[in-house]
Structure formats: structure tokens, C-alpha cells
Amino acid sequence: MDKVVSDAAAALADVPDGASLAVGGFGLCGIPSVLIEALIGQEARDLEVVSNNCGIDGWGLGRLLEAGRIRRVVASYVGENKEFARRYLEGELEVELTPQGTLAERLRAGGAGIPAFYTATGVGTQVADGGLPWRYGPDGAVLVASPAKETRTFATAEGEQTFVLERAIVADYGLVRAWRGDRHGNLVYRRSAQNFNPLAAMAGRITVAEVEELVEPGELDPEHVHTPGVFVHRVVPLTPEQAADKRIERTTVRPRPDTGSAQQSGGDR
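The numbering of the sequence shown is this note's numbering, which starts it at 254 and goes up by one.
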């Protein structure tokens, strides 16, 4: 039952070329940055990454992208990553953009063993009808476009309504970061870092969690566990320096009401 692995490199040593990865986090909040750095050193290539976005230039999944290791991304938006946008528009990267809530449910469904589900999101758009550019050519022409999806009409409380079929996502590996975790793999995320981490943990056939604080079994209140250990296969305890290395995607300042001086604002990461 002890799932602790000595370090991130050992935890990811078996990731092969072409593997698919469900990666937790939102922007830079709650991202498994230590595991991502270990992947860069591990040198697996042609990876498919499923994540809310692809980090930023110079940090998070943006580092893996800049190293040329990602072949395909399934995400909800491009975000602040200029290299992500460049590679996509110049045909170096295949990108499947998915509505954010749909992406979250596709990951959750994969972890719950549900192969597909119907949703109203995207009906009447290219999300359902097909034609979204997945890969461009060097000349800007669309080489690969999204296929049309199955739709079906159901009777609802508001009357007849059309829904689109979305397929679940199951990844070869799930990579997540937790605030606290025990040796059995039970995980607790802190505040907004909960975001996509529980979903990525569910969707991975092999889930690896980096934890800021490792505790012994029984120390976590069961009422507070976000990801049960049944979903987690490897636990990597972080050093204090690794746990403290959290970056802010965008810093905003505002005057303090009492002094007029500026302060940094941002969510807990």
C-alpha cells in the first residue's frame, strides 16, 4: 500500500514515446511543475497532453512544449502562451480546443468508467458540426479538422432539446499536484488548486501525484480527502524548496485603501 516513490524521475521513468497525459492545474495554479520538469529530463517524445491549457512561455507545460516534446494538445484555451499559439498556427502542433466544462466532464467520465455523455454545450456550432482546425499546414491551410459529432434530441422540462455526444477521456498517465497526501495516495488540494487536479487524477490509467506535505495513513481527515488513494498509483514527496516554487501567471497591483501603496493580489497557489 505504500505508494511513495523516491523522486519524480523514478516515478516517470516508464513513460514511453507517444503516451497521453492528463495534467492537472489551471494556468499555473496547482500544476505538477516538478513532474513536468522530470518529463523534460526523461526525454519521452510525441506526447499527447490533456489539460485546461498548456502553461505559459517558460514554465509549466510551456517548458515541455518548448522542448518539442508535445505532438498534440487537448485543451480549453491557448491562454498566455505565445509559443503554443505559434506552433499551432504554423502547423507544428495539433490542438483540439474543447469547451472548458465539457473537457472537465470528459475527464471525470473517463475516470468513472462512462464512455460518453450528451451535453447541450456546443450544439449549433463547429464543436458539434465539425470543421474546427486541429492542425494547420505551413501555408495556413487546414490539414486536419474536427469531425462532426453525433447529436440527439431529448424531451426536457423545457421541451425538445438537441444534445451532442462527447466521448470520455482516459489517459495513459495522470499528473497532479496536491497540498497534502499520505502513503496510500489519498490527496487533499488547497483552495483553487483543486481545479482540474481531481479530474486528471481520475482519468489516468497510472496517476502520479507530487505532494507538498507527505503524512502518514490516518492523519488525513477522510471528510477532507478530494482524491481517494484508489485513483493514485505513485506519490512523490516534494522538498520544501520544490513545494515553495509557485509562480504567478499574471501579477496585478492595486492601492491599499489605507496607505495608497501597491500590493500584489492573486489566488492561493
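Just so you know, even glycine gets a beta-carbon here, dropped at the ideal spot from N, CA and C.
- Under DSSP, Arg-405 takes part in a beta bridge, and its partners are Phe-416.
- Comparing alpha carbon positions, the residue from Arg-298, Thr-374, Pro-391 closest to Glu-343 is Pro-391.
- Straight-line measurement puts the Cα of Leu-440 at about 5 Å from the Cα of Thr-480.
- The DSSP-derived three-state label of Ile-323 is strand.
- Taking C-beta atoms as the reference points, Leu-292 and Leu-265 count as a pair closer than 7 Å.
- By the criterion of at least three beta-carbon pairs nearer than 8 Å, the region 273–289 is in contact with the region 444–451.
- Between the beta-carbon of Glu-333 and that of Ile-309 there is about 5 Å, and that keeps the pair under the 8 Å contact cut.
- The C-alpha of Glu-336 lies about 8 Å from the C-alpha of Gly-315.
- Below 8 Å, enough C-beta pairs join the region 455–465 and the region 476–491 to call them touching: three or more.
- Linking Pro-368 to Lys-402 through their CA atoms gives a straight-line distance of about 15 Å.
- Rounded to whole angstroms, the gap between the alpha carbons of Asn-305 and Ala-328 is 5 Å.
- Annotation for Ala-398: Gly-383, Gly-384, Leu-385, Pro-386, Trp-387 place their beta carbon closer than 8 Å to its own, counting only its chain and skipping 5 residues before and after.
- Scanning its chain for C-beta atoms nearer than 8 Å, with the 5 sequence neighbours on each side dropped, one finds around Met-455 the residues Leu-360, Arg-361, Gly-363, Gly-364, Ala-365, Gly-427, Thr-480, Phe-484, in chain order.
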